[in-house]
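Numbered per our numbering, the sequence shown spans residues 19 to 84. Cβ coordinates follow ideal geometry from the N, Cα and C atoms, glycine included. Since the structure is predicted, the reported quantities are computational estimates derived from the model, not experimental observations. Have a look at the structure below, then the notes.
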Amino acid sequence: MVDFSNLTIKSSHHCAFAYFDATFSKLKNEVVVQSVIERFKLCLVFGDGWKIIHQHASHPLEVSHN
């Protein structure tokens with residue numbers, strides 16, 4: 019299960035950033051037995067598409083769309 023929270027959006031004339039927390043939870047019999055919270059940044063560069071960048075990973079997750 020994944021829940022999203024703490025959304026913050028900042029923008030300028032050429033890009034926008036959305037920061038949010040994702041809580042990844044492991045369920046057993048519909049009860050949370052383990053959870054991890056990670057902070058993500060979504061970057062939208064106008065005209066160039068978007069990227070999702072995971073700030074704390076040793077090899078950042080990056081998904082692009084043009």
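Per DSSP, asparagine 47 lies in no beta strand (DSSP E) and is assigned neither H nor E.
Of the candidates Asn47, Thr41, Leu45 and Gly65, Thr41 places its Cα closest to the Cα of leucine 25.
Distances from the CA of glutamine 52 to each of Lys59, Lys44 and Phe58 were compared; the closest alpha carbon is that of Lys44.
Sequence-distant Cβ neighbours of aspartate 39 in its own chain, meaning closer than 8 Å and more than five residues away, are Phe22, Ser23, Asn24, Ile55, Glu56, Arg57 and Phe58. Following the DSSP letters along the chain, one finds phenylalanine 22 inside the beta strand (DSSP E) bounded by residues 20 to 29. Its chain contains Ile27, Lys28, Ser29, Lys59, Leu60, Cys61 and Leu62 as the residues whose beta carbon lies nearer than 8 Å to that of phenylalanine 35, once the 5 sequence neighbours on both sides are disregarded; these appear in chain order.
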